[in-house]
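Accompanying notes for the structure given below.
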Amino acid sequence: MIRVEDIQKHFGALHVLRGITFDVQKAEAIVIIGPSGSGKSTLLRCINLLVEPDSGKVFIDGVHVNRHGIRHEWVRQQVGMVFQSFNLFTHLTAIENVTLGLTRVKGIPHDQAIEKARKLLARVGLAAKENAYPAELSGGQQQRVAIARALAMDPKAMLFDEPTSALDPEYIREVLDVMTVLAREGMTMIVVTHEMGFASNVASRILFMDAGKIIEEGTAEDIFQNPKEDRTRSFVSKILR
Amino acid sequence: MEIAAALPLRTPPKLVTRLTVVHLVEMILAGSFMIFVVLPAIFRFSLVSASFWEIYRRFYVTGLFGTFFYVAMTLPLSVVLGFLMGWARVSRVRIFSWPSSLYVNLFRGLPPLILVIFASLFGTNLVPQPILDRFLSGFRRGDIAVGLAAIAIAMHSSAYQAEIFRAGFQSVPKGQQEAAQALGLRPWQGMRHVILPQTFRLSLPPLGNEFAVLIKDTSILAAISGTELVAKSRDLLGILPASGFPIVWIFAVWTVVALTYFVLTYSVTRGLRILERKFHTPGLEAISL
Amino acid sequence: MANWRKFLRDRWRYFDAALALAVIIGSLVYIYELLVGSRGLDVAYITRNYPLYLHAVFTNVYATTIAFVVGMALGFSVGWLRTARSLSVAKFAASMRVEKRERQEAPSGSEVTRRLLVVLSLLWYGTKYVVRRVGDGFVEIIRGTPLYVQILFASSFFIVFLPQYASEGILIGIIALAINTGGYQAEIFRAGLQTVHSGQIEAARAIGFSRLKAMRYVILPQALRLIIPPLTNEYIGLFKASTFLFVLGVQTEISYIAQHEGFAGDVFEIFAIVTAIFLAITVTLSFVVQALERRFRIPGLGIEQVRLPRGVRTARVVG
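Chains A, B and C, in that order, give the protein sequences. Following this note's numbering, the numbering of the first sequence begins with 768 at its first residue and continues without gaps. Following this note's numbering, the numbering of the second sequence begins with 4 at its first residue and continues without gaps. Following this note's numbering, the numbering of the third sequence begins with 10 at its first residue and continues without gaps.
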C-alpha cells in the first residue's frame, strides 16, 4: 500500500533521514517509536509530501509519487494526516473544519458535505459539538475533530504524528479509542507515538527509529520483550518502566 | 459562509453593550450642556445661531464633502497597499520582504506633513510624462498636486497598516498552513479559506485606530489648500469680521470643525468595534503589535 | 536539465538577496534620474545650506522636548485622575439595601447624620466618577481631533485673548503640542498606573506603608518600567508632529522646501537632506527605545494593549 525506498533528507547540514526503507500493507497499522530527533515526524511528512525527500522513492498504492508531474494535492487526498498540535482552523466551527476539504478540494455540494461531516463527527463521538469553535473544545475533542477532518477526504491511509503527545492525560484515552476502532475497521495507518499500550494492542508491526535509520522492526512482542539491538533495548527499557 | 446559514445559529455575540450606550448618552449630555449652556454663557458665542450658519453653511458643506472625498480616495488605497506590503514583509522571498521593509520604514519615519509638501511640489516630476498627458491632461496642475498629496497620505498610512497586517499574519497559529496543505488544499485555497480570514480577524482592532488617524490626516491637505473642511473653514474666517461677527466667533468655527472630526473618528472606531464583535471567534488571540 | 534546476534551487537564497538589492537600488536610481537627471548632483547646495537645516532641526528638537515635558506633567495628572475608582450603581444600591436591613435590626444613631452620610458618600463617589469621565473626555477629544485643528484652536485663542503674543509661532506651537502630547500621555499613564494599581496598594498598606510611601516605593517603580517604552515612542511621534510648527510660521526644514518652490532645481538634494535628517533621528531614537526597553524590562511585567496614536511597538502583556 505504502512503500518507501531509501529516503534521504538533509536540513542544511543535519542529515535527518539516512536511507529509510519499509513498506506497509493494506489494512496494516504500524507504529513508529524512537527518541526525539530521530526523524520520525520528518518521515511521515515525506510520505504525504509536506517535505520533499532529497532522494529515494515513495510509492502509494503502487504509484511513485515523489517525482515531477505528480500533483501534491492529489497525493494528500490519498493519505490523511493528524498532527500533534491538532491544527484545527480556529476561525471555523467543528463542522466547518470537516466540510472545508469536502467542498473546496473534492467539490462536493454543501448539503451533502454537511451530511457526511455529521456522520463523521458522530463516528468520533462529537455529534453534539458540531457548532463549537476549536477554542471551546477540550484537547481530546479537538484531536477527534481533526481525525474526522482527515477521514472526510476518504483517504486510503492515515498518518498520525504523535497524536496524543499534546494532550492532558485524561483525554488521551478517548483519542486512542477512536484510533483503535479505526484500525480494527481496516484503515491502513502509520502512527508515531509514545503510547506503548496502544502499540501493543493495535500495531501489527513496530518500527524503532534512531538517528535517521530504522534500527529494528518486528511485532510488539519482538520489540518489547526480545529486542535484538542494544539501542532498541535501552530505549525500550527507558519507556517501559 | 453558506454553510453557516444552513446550521442552527449559536447565540450571537452582543453587538452593542450597555457600556457603549452609557458612554454615548454621557457624551450627548455633556456635549449638549457645553453647546447650549457653557459656550454661550462664558465665551459669548453660540453654535446654533442661525445667522452664523447662513454664511458658514456653504463653506462647511463644501469642505465636509471634500473631506469625505479624500477619505474615500485614500482609505481603500491605503488598505490595499498596506495589506500587500504587510504580506510581502512576512514572505521568505527577499525580493518581497526587503523592498517592503524599506518602504515601511521610510514612510513611517517621515512625518505626513513633509510627505504632503513633497508630493504637492515635486510629485508631478515623479509621474511619468505619458501618464500625465493621457489621463491627467484635463486637470489643473494645482488639483493634480493635491491629488498626489492625498496619495502620499495614503502611502504614509499604508506603512502603519503594513505593520498591523504583518503582525496579523504572524499571529495566525503556525500549524494552520500545514493542516491546510495536508487536506489537499492548493496554496491559494489555503490562503483564501484558512490564513486570510484569520489574518483579517486579528488585524481588525488596531486597524480601526489607524482609520481614525487617516481621517485626521486628511486635514493636512489644508496646508496646501486642498478642498476640505479645515481649508474651507479658514476661508470663512477671512470674511467673518466683515459679516459683523465679533472676533470670538473664530472659536465657533473651530469648535464646529473639531466636533465634526470627533464625530467622524468616534463613529469609525466604535463602528469597527461593533464589526469586531460580529466577527469575533473565540480563541483568536488579540494581536500584539 | 534537472541539474540547473537543482543548482537554482540550492543557490536560491543568494539569487533572492541579489535580486532584492537590485530592485531597491534600481528604484532609487530611477527616482534619482527623475529628479536630478542630467543636471548633476548639486553638492554645493548641500554643503552650503546644511547648517540652515541643522538649525531648523534643532528648533524642532527644542520645541518637542519642552512640549513633551509639559505634556508629561499634564498627562500624568490626568492619567492619575482617570484611575480614580468609583462604585458602580448596582453596588451602591446593594450596599444601601444592606444598610437598610441593619438599621431595621438594630436601630441606633440619628436619622439626620445617617442621611447626611449617604448624601456625602454619593457626592464623593459622584465627584470621583465625574472627574474620571472628564479626564476620559479630554483624552478622547485630543485623540479624536487632528493636530492641525488643535494648533488652529490654540492660535485662535491667542488671536482673541492674547493678541500681543499672537505672532509667537513657537510659543503657540509648543502649547498646542504640549496639550496634544498630554492627552496621549494621559492614556499611557492611565494604563501603566492601572496595571499596577490593583492589589499592590493593598498589599503595601498591609505591610504598613502609608499611602504616599506605597506610591513611592511600590507603585511608581513598577509603573515607571511599564510606561517608559510607550513614552519614548510618543516622543518620536511628537518629534514628527513638531513639523507642524511650519504652519505657524516657524522656520523649520519645510520652509526651505516651500521657499524654493519655483526653483525646481535642487529638489532631490533638499529631499535627500530632509529625509536623511528625519530617518537618522527616528532610527536613532528607535534604537534608544529598544535599549531602554531591554534595560528596564522585568520578566513577567508588561503593559497591556495601550491604544497608542501610532502603531509603534509596545511591550505585550505577559503573565
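Quick reminder that beta carbons are idealized off the backbone N, C-alpha and C, glycines included.
Checklist entry - In the DSSP assignment, what residue or residues form a beta bridge with residue 791 of chain A? => result Taking the first sequence and counting its residues from 1, the one referred to as residue 791 of chain A is at position 24. Residue 791 of chain A pairs with A:769.
Next on the checklist: Considering only the alpha carbon of each residue, which of C:65, C:293, C:214 lies closest to residue 7 of chain C?
Outcome noted: Because chain C is modelled from 10 through 328, residue 7 of chain C falls outside the range shown and cannot be assessed.
Checklist entry - Between residue 144 of chain B and residue 132 of chain B, what straight-line distance do the alpha-carbon atoms span, to the nearest angstrom? => result For this step, residue 144 of chain B is matched to residue 141 along the second sequence. For this step, residue 132 of chain B is matched to residue 129 along the second sequence. Approximately 13 Å between the Cα atoms of the pair.
Item to check | Interface flag, residue 51 of chain B vs chain C, CB-CB below 8 Å | outcome: Along the second sequence, read from residue 1 onward, the residue named residue 51 of chain B stands at position 48. Among the CB atoms of chain C, none fall inside 8 Å of the CB of residue 51 of chain B.
Next on the checklist: Just to confirm my understanding: we take residue 939 of chain A, look at its own chain, exclude 5 residues before and 5 after, and list those with CB closer than 6 Å. What are they?
Outcome noted: Mapped onto the first sequence, residue 939 of chain A falls at position 172. Contacts found: 931.
Checklist entry - Can you name the residues of chain A whose CB is closer than 7 Å to the CB of residue 284 of chain B? => result Numbered from its first residue, the second sequence carries residue 284 of chain B at position 281. From the beta-carbon of residue 284 of chain B, the residues of chain A found nearer than 7 Å are 857, 858, 900.
Checklist entry - Going by alpha carbons, who is nearest to residue 255 of chain B out of B:25, B:45, B:33, B:29? => result To locate residue 255 of chain B, count along the second sequence from 1; it is residue 252. For the residues B:25, B:45, B:33, B:29, the minimum Cα distance to residue 255 of chain B belongs to B:45.
Next on the checklist: Can you list, in chain order, the residues of its chain with a C-beta nearer than 6 Å to that of residue 230 of chain B? Leave out the 5 residues immediately preceding and following it.
Outcome noted: Here residue 230 of chain B refers to the residue found at position 227 when the second sequence is read from its first residue. Cβ within range, chain order: 69.
Checklist entry - By Cβ distance below 7 Å, which residues in the same chain neighbour residue 1 of chain B in space, the five residues on each side in sequence not counted? => result The displayed coordinates of chain B run from 4 to 292. Any statement about residue 1 of chain B would go beyond what the structure contains.
Next on the checklist: The alpha helix (DSSP H) that contains residue 122 of chain C, what's its start and end?
Outcome noted: For the purposes of this step, residue 122 of chain C is identified with residue 113 of the third sequence, where counting begins at 1. Segment 120-153, the alpha helix (DSSP H) holding residue 122 of chain C.
Checklist entry - Using a Cβ cut-off of 8 Å, which residues of the region 810-837 of chain A contact any Cβ in chain B, in chain order? => result Near chain B, meaning a CB-to-CB distance below 8 Å, the residues of the region 810-837 of chain A are 815, 817.
Item to check | Neighbour-count burial assignment, residue 3 of chain C, 16 or more Cβ in a 10 Å radius | outcome: Nothing in the structure corresponds to residue 3 of chain C, since chain C is present only between 10 and 328.
Checklist entry - Which class does residue 989 of chain A belong to by DSSP, given the choice of helix, strand or coil? => result Position 222 of the first sequence holds residue 989 of chain A. Note: residue 989 of chain A maps to helix in three-state DSSP.
Item to check | Cα-Cα separation between residue 271 of chain C and residue 125 of chain B, rounded to whole angstroms | outcome: Looking up residue 271 of chain C in the third sequence gives position 262. Looking up residue 125 of chain B in the second sequence gives position 122. Here the model assigns residue 271 of chain C a pLDDT of 44, short of 50, so the residue's position is not dependable and the matter cannot be decided.
Next on the checklist: Within 8 Å of any Cβ in chain B, is that where the Cβ of residue 296 of chain C sits?
Outcome noted: The residue labelled residue 296 of chain C in the question sits at position 287 within the third sequence. It does not: the Cβ of residue 296 of chain C has no partner Cβ on chain B nearer than 8 Å.
Checklist entry - What are the boundary residues of the beta strand (DSSP E) that includes residue 849 of chain A? => result Sequence index remark: in the first sequence, residue 849 of chain A carries index 82 (1-based). For residue 849 of chain A, the uninterrupted beta strand (DSSP E) segment begins and ends at 846-849.
Checklist entry - For the region 97-129 of chain B, which residues have a CB atom closer than 9 Å to at least one CB atom of chain C, in sequence order? => result The region 97-129 of chain B vs chain C, Cβ under 9 Å: 97, 98, 99, 100, 101, 102, 105, 108, 109, 111, 112, 113, 114, 115, 116, 117, 120, 121, 124, 125, 128, 129.
Checklist entry - For residue 980 of chain A, which residues does DSSP report across the bridge? => result By 1-based counting over the first sequence, the position of residue 980 of chain A is 213. For residue 980 of chain A, which the question treats as bridged, DSSP gives the partners A:977.
Item to check | Integer-rounded CB distance, given that residue 84 of chain C should sit under 8 Å from residue 197 of chain C | outcome: Position 188 of the third sequence, counted from the start, is the residue given in the question as residue 197 of chain C. Position 75 of the third sequence, counted from the start, is the residue given in the question as residue 84 of chain C. The Cβ separation is near 7 Å, so the contact holds.
Next on the checklist: Just list the residues that DSSP pairs residue 781 of chain A with in beta bridges.
Outcome noted: By 1-based counting over the first sequence, the position of residue 781 of chain A is 14. Paired residues: A:778.
Checklist entry - Applying the criterion that 16 or more other CB atoms from any shown protein chain within 10 Å of the CB defines a buried residue, is residue 104 of chain C buried or exposed? => result What you label residue 104 of chain C is simply residue 95 of the third sequence in a count that begins at 1. In this structure residue 104 of chain C is exposed. Its beta-carbon is surrounded by fewer than 16 other beta-carbon atoms within 10 angstroms.
Checklist entry - Can you list, in chain order, the residues of its chain whose CB lies under 7 Å from that of residue 943 of chain A, leaving out five sequence neighbours each side? => result Here the question's residue 943 of chain A lines up with position 176 in the first sequence. Excluding sequence positions up to five before and after residue 943 of chain A, its CB lies within less than 7 Å of the CB of 931, 962, 965, all in the same chain and listed in chain order.
Next on the checklist: When you compare the CB of residue 132 of chain B with every CB in chain A, is at least one pair closer than 8 Å?
Outcome noted: Working through the second sequence from its first residue, we reach residue 132 of chain B at position 129. Taking a beta-carbon distance threshold of 8 Å, residue 132 of chain B does not count as an interface residue toward chain A.
Checklist entry - So which of A:869, A:890, A:892, A:891 has the shortest CA-CA distance to residue 881 of chain A? => result Start at 1 with the first residue of the first sequence, and residue 881 of chain A comes out as number 114. Nearest C-alpha to residue 881 of chain A: A:869.
Checklist entry - Between residue 851 of chain A and residue 820 of chain A, which are expected to be in contact by the criterion C-beta below 8 Å, what is the C-beta distance as a whole number of angstroms? => result The residue labelled residue 851 of chain A in the question sits at position 84 within the first sequence. The residue labelled residue 820 of chain A in the question sits at position 53 within the first sequence. Not really, about 21 Å apart at Cβ, beyond 8 Å.
Checklist entry - Going by DSSP, which residues form a beta bridge with residue 927 of chain A? => result Taking the first sequence and counting its residues from 1, one reaches residue 927 of chain A at position 160. Beta-bridge pairing links residue 927 of chain A to A:849, A:958.
Checklist entry - With C-beta atoms as the reference, is residue 186 of chain C less than 8 Å away from residue 241 of chain C? => result As a working note, residue 186 of chain C is residue 177 in the third sequence. As a working note, residue 241 of chain C is residue 232 in the third sequence. Going by C-beta atoms, residue 186 of chain C is not nearer than 8 Å to residue 241 of chain C.
Next on the checklist: I'd like to know if residue 40 of chain B contacts chain C, where contact means its C-beta is closer than 8 Å to some C-beta of that chain.
Outcome noted: Sequence index remark: in the second sequence, residue 40 of chain B carries index 37 (1-based). Chain C contact via Cβ: absent.
Item to check | Boundaries (first-last residue) of the beta strand (DSSP E) holding residue 873 of chain A | outcome: Against the first sequence, residue 873 of chain A aligns to sequence position 106. Residue 873 of chain A -> no beta strand (DSSP E), and no H or E assigned at all.
Checklist entry - Would you call the CB atoms of residue 250 of chain C and residue 156 of chain C closer than 8 Å? => result Stepping through the third sequence from its first residue, residue 250 of chain C is reached at position 241. Stepping through the third sequence from its first residue, residue 156 of chain C is reached at position 147. Yes, the pair counts as a contact, with Cβ atoms nearer than the cut-off.
Item to check | Euclidean distance between Cα positions of residue 245 of chain C and residue 273 of chain B | outcome: Start at 1 with the first residue of the third sequence, and residue 245 of chain C comes out as number 236. Start at 1 with the first residue of the second sequence, and residue 273 of chain B comes out as number 270. If I take the Cα positions, the gap works out to 27 Å.
Checklist entry - Does DSSP put residue 166 of chain C in a helix, in a strand, or in coil? => result As a working note, residue 166 of chain C is residue 157 in the third sequence. Note: residue 166 of chain C maps to helix in three-state DSSP.
Checklist entry - With a cut-off of 8 Å, do at least 3 Cβ pairs link the region 240-256 of chain B to the region 178-185 of chain B? => result Cβ pair count under 8 Å is below three, so no.
Checklist entry - Does the beta-carbon of residue 82 of chain B have 16 or more other beta-carbons within 10 angstroms, so that it is buried, or is it exposed? => result Here residue 82 of chain B corresponds to residue number 79 of the second sequence, with the count starting at 1. The residue is buried, with at least 16 neighbouring Cβ atoms inside 10 Å.
Checklist entry - residue 181 of chain B versus chain C: which residues are under 7 Å apart at the beta carbon? => result Position 178 of the second sequence, counted from the first residue, corresponds to residue 181 of chain B. Simply none; closest approach about 21 Å.
Next on the checklist: Which residues in chain B have a C-beta closer than 9 Å to the C-beta of residue 41 of chain C? List them in chain order.
Outcome noted: On the third sequence, position 32 is the one that residue 41 of chain C refers to. The contacting residues do not exist; residue 41 of chain C stays about 11 Å from chain B at best.
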